[in-house]
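In what follows, a single structure is set out as structure tokens and then discussed.
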Amino acid sequence: MSTHRLLPIDPQTGRVRDLRTPTAHIGAFGPLGTVRSAAHGKPGPLIEEIAASGLRGRGGGWFPTARKMEAVVASAADRRTRSPGSRPVVIANAMEGEPASGKDAVLLAHVPHLILDGIQAAAATVGATDAYLAVHRGTPSVKMLEHAIGERRSDAVRVELITPPARYVASEESALAHWAGDGVATPVFGDRPFERGMNGRPTLVQNAETLAHLGLIARHGGAWFAEVGDPEAPGTTLVSVGGRVRQPGVIEVPTGTPVADLLARCGDTDGPVEGFLTGGYGGAWVTSEALSSAAWAPAQVRDAGGVIGAGILWALDAQVCPLHEIARVAAYMAGESAGQCGPCRFGLPSLADDLEDLAGGACTSDDLARIGERLSLVVNRGGCKHPDGTARFVSTGLAVFEAEVSEHLRGGCTATRPGHTLPLPKARKTPVKRAGKDFK
Amino acid sequence: MSTHDQRTLHLDPTLCDAHGFCAELLPELIHLDEWGYPIFTAGGLATDIPHGLTSEAKRAVTACPVGALRLTKHA
Ligand SMILES: Cc1cc2nc3c(=O)[nH]c(=O)nc-3n(C[C@H](O)[C@H](O)[C@H](O)COP(=O)(O)O)c2cc1C
Ligand code: SF4
Ligand code: SF4
Numbered sequence: 001m002s003t004h005r006l007l008p009i010d011p012q013t014g015r016v017r018d019l020r021t022p023t024a025h026i027g028a029f030g031p032l033g034t035v036r037s038a039a040h041g042k043p044g045p046l047i048e049e050i051a052a053s054g055l056r057g058r059g060g061g062w063f064p065t066a067r068k069m070e071a072v073v074a075s076a077a078d079r080r081t082r083s084p085g086s087r088p089v090v091i092a093n094a095m096e097g098e099p100a101s102g103k104d105a106v107l108l109a110h111v112p113h114l115i116l117d118g119i120q121a122a123a124a125t126v127g128a129t130d131a132y133l134a135v136h137r138g139t140p141s142v143k144m145l146e147h148a149i150g151e152r153r154s155d156a157v158r159v160e161l162i163t164p165p166a167r168y169v170a171s172e173e174s175a176l177a178h179w180a181g182d183g184v185a186t187p188v189f190g191d192r193p194f195e196r197g198m199n200g201r202p203t204l205v206q207n208a209e210t211l212a213h214l215g216l217i218a219r220h221g222g223a224w225f226a227e228v229g230d231p232e233a234p235g236t237t238l239v240s241v242g243g244r245v246r247q248p249g250v251i252e253v254p255t256g257t258p259v260a261d262l263l264a265r266c267g268d269t270d271g272p273v274e275g276f277l278t279g280g281y282g283g284a285w286v287t288s289e290a291l292s293s294a295a296w297a298p299a300q301v302r303d304a305g306g307v308i309g310a311g312i313l314w315a316l317d318a319q320v321c322p323l324h325e326i327a328r329v330a331a332y333m334a335g336e337s338a339g340q341c342g343p344c345r346f347g348l349p350s351l352a353d354d355l356e357d358l359a360g361g362a363c364t365s366d367d368l369a370r371i372g373e374r375l376s377l378v379v380n381r382g383g384c385k386h387p388d389g390t391a392r393f394v395s396t397g398l399a400v401f402e403a404e405v406s407e408h409l410r411g412g413c414t415a416t417r418p419g420h421t422l423p424l425p426k427a428r429k430t431p432v433k434r435a436g437k438d439f440k
Numbered sequence: 001m002s003t004h005d006q007r008t009l010h011l012d013p014t015l016c017d018a019h020g021f022c023a024e025l026l027p028e029l030i031h032l033d034e035w036g037y038p039i040f041t042a043g044g045l046a047t048d049i050p051h052g053l054t055s056e057a058k059r060a061v062t063a064c065p066v067g068a069l070r071l072t073k074h075a
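Going down the list, the protein sequences come from chains G and S. In terms of UniProt numbering, the first sequence opens at residue 1 and continues consecutively. In terms of UniProt numbering, the second sequence opens at residue 1 and continues consecutively.
As structure tokens, then:
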């Protein structure tokens, strides 16, 4: 049972194979075959296999893919009219907004046709007549992807490449649907995209990796997919492993792989590590101790206090100051607010300021209490989950690095290595006040 | 008072501009955060309206200058 499903390895070089051409793609995976379409208000027959596979979305939420597809089809069937305005549409989310994630870029670069196969399979199954592949503006693979799409003449559904701005919240699903319809990449509050998304149409947004798995399920079936992995969330999954490990990078493992094995695949940690970031900047910090005995499956990582999210595992070098890292990321996340909701627009920058003071040793225990209050003020009050994810990142970080927090309250800092390790995109010149041209 | 359907007040946080009228009209259910944005005492972005406060809730909906509040009825 090979676990290199999405990313076949070249036995000669030990590296991921480059399957960008249709010939190489079909040579490695075989042809997709015909996927029968939705009809009479029912999803196409592939839905049975998708349900049997137990496939869950790899974009962060791990929501069952078959259920989302059924919801899209049901929402289209509910419409009284059969106008084009009620037809489902598919958006492939290859935006990869998490700065510490690399998996979707690896898929785009090596197996773009597997994602495109998944788009075709998804579109047929939900009865979509058009589809979009969203990569963030400035992605190096744009030309190659346009070429790859152009080479697929026998596709039933036309796919258009779209390039929303590279903003963290632009890849939230309602923001993507907003962009595809109106050219504004801000999240939309209210109806979920599967009900009313792009131009009010039922919109299926799936992560690029989810669709790549779907491309394989369409070939081999649901039972094959579920042969490996954790029974609750089967299959293989991509993990972006970074930080203080000897060989950082993207690896493919069956879900449920012990975290210790996963780290061993990356050459193990390279120096002292006290805490790991799981799931990215909208994710959660976990102590090395809690994580080391866990398995990489949604429920197990959750029990350890973390979150798989989009499959990010970052080993923080114990020699750098975790509070500086948390403050930097919090400032970045504050700057990424779409500026629509008060608690996000004002709450996140206030928190970021507090955290900068904490990192700099200018924080009293009263200030720390205020951080706690503000953390609770931004949760469950935004139009999207951006503030909630940021709050989780911060609150788990303060808990995991509690000893360092106490040290800072006393004016000290135990860091022995200056500098920063968590990756951030280049700083934006002007902070966004209101959703404006930055999101167009 | 006759039996009424349960009403729920919903806030669209992307529209709310911190005018604060809602908290003035419904202090039992809404207070403002340090930036002037409404917090439902019960948490979240929707709150059930006790029968005695239905007319205040209706007034809050009309008083909100940006249409950020909405009342729904359910059995
Ligand atoms: C602030 C924010 C940013 C997000 N960014 C991404 C992203 O870059 N890529 C992604 O696939 N999903 C992202 N998501 C999740 C999407 O909203 C959506 O759930 C996902 O694309 C659905 O695909 P899946 O079911 O295949 O996981 C983000 C969510 C939030 C709240
Ligand atoms: S919570 Fe923040 S990012 Fe999300 S819609 Fe509101 S302002 Fe935009
Ligand atoms: S009245 Fe409207 S705009 Fe003012 S705080 Fe309440 S909901 Fe927001």
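Every residue gets a Cβ at the ideal spot worked out from N, C-alpha and C, and that includes glycine.
Can you list, in chain order, the residues of its chain with a C-beta nearer than 8 Å to that of residue i? Leave out the 5 residues immediately preceding and following it.
i        : result
S:Leu71  : Arg7, Thr8, Leu9, His10, Ile49, Ala57, Lys58, Val61
G:Val157 : Val90, Ile119, Gln120, Ala123, Ala124, Ala128, Thr129, Asp130, Ala131
G:Ala39  : Gly127
G:Gln319 : Gly271, Pro272, Ala415, Thr416, Arg417
G:His110 : Leu7, Val16, Arg17, Asp18, Leu19, Arg20
Please state whether DSSP places residue i in a helix, a strand or coil.
i                      : result
G:Gly30                : coil
G:Ile308               : coil
G:Asp10                : coil
G:Gly361               : coil
residue 475 of chain G : Limits of chain G in this structure are 1 at one end and 440 at the other, which puts residue 475 of chain G out of reach.
G:Tyr132               : strand
G:Lys429               : Residue placement at G:Lys429 cannot be trusted, given a pLDDT of 48 that sits under 50; what the coordinates show is reported in the next sentence. The answer is coil: DSSP assigns G:Lys429 none of H, G, I, E or B.
S:Ala42                : coil
G:Ala224               : As written in the sequence, residue 224 of chain G is Trp, which differs from the Ala given in the question. Here G:Trp224 sits in helix by DSSP.
G:Ala39                : strand
G:Ser240               : strand
G:Val72                : helix
G:Val253               : strand
S:Asp5                 : coil
G:His420               : coil
G:Trp285               : strand
G:Glu274               : strand
G:Arg196               : coil
G:Asp230               : strand
G:Thr414               : coil
G:Leu46                : helix
G:Pro258               : strand
G:Val188               : coil
G:Pro22                : helix
G:Leu55                : coil
G:Arg265               : helix
G:Thr210               : helix
S:Arg70                : strand
What residues in its chain sit with their C-beta under 6 Å from that of residue i, if we drop five residues either side in the sequence?
i        : result
G:Arg244 : Thr269, Asp270, Gly271, Val273, Ala315, Asp317
G:Arg17  : Pro8, Asp10
G:Met198 : Val89, Ala177, Ala180, Gly181
S:Ala75  : Asp5
G:Asp388 : Val379
G:Glu173 : Pro193, Val205
G:Thr396 : Ala284, Trp285
G:Ala297 : Asp230, Ala233, Thr255, Gly256
Within a Cβ cutoff of 7 Å, which residues of the same chain sit near residue i, ignoring the five residues on either side of it in sequence?
i        : result
S:Lys73  : Asp5, Arg7
G:Arg56  : Trp62, Phe63, Pro64, Thr65, Ala233
G:Pro202 : Val72, Ser75, Ala76, Pro88, Phe194, Glu195
G:Ala338 : Val169, Thr186, Pro187, Ala435, Phe439
G:Ala134 : Ile91, Ala92, Asn93, Ala94, Met95, Ile162, Pro164, Leu176
G:Glu407 : Cys413, Thr414
Could you list the residues in the segment 376-402 of chain G with a C-beta less than 7 Å from some C-beta on chain S, going in chain order?
Leu377, Asn380, Arg381, Gly382, Gly383
Which residues, in order along the segment 337-348 of chain G, keep a beta-carbon less than 9 Å from a beta-carbon of chain S?
Ala338, Gln340, Cys341, Gly342, Pro343, Cys344, Arg345, Phe346, Gly347
For the segment 184-207 of chain G, which residues have a beta carbon sitting closer than 9 Å to at least one beta carbon of chain S?
Thr186, Pro187, Val188, Phe189, Gly190
Unbroken stretches of the alpha helix (DSSP H), 4 residues or longer, contained in the segment 367-404 of chain G:
Here the runs fully enclosed are 386-400.
With 8 Å as the limit, tell me which residues of the segment 35-67 of chain S have their beta carbon closer than that to any beta carbon of chain G; keep them in chain order.
Residues passing the 8 Å Cβ filter: Trp35, Gly36, Tyr37, Ile39, Gly43, Gly44, Leu45.
Run through the segment 293-352 of chain G for me and flag every whole beta strand (DSSP E) of 3 or more residues, listed as ranges in chain order.
Fully enclosed beta strand (DSSP E) runs of 3 or longer: 312-317.
Can you pull out the residues from the segment 8-26 of chain S whose beta carbon lies closer than 7 Å to at least one beta carbon of chain G?
Asp12, Pro13, Thr14, Cys16, Ala18
At which residue ranges does the segment 88-163 of chain G contain complete alpha helix (DSSP H) runs of 4 or more residues, listed in the order of the chain?
103-110, 112-126, 142-151
List in chain order: all unbroken beta strand (DSSP E) runs of 3+ residues lying wholly within the segment 18-68 of chain S.
30-32, 38-40, 46-49
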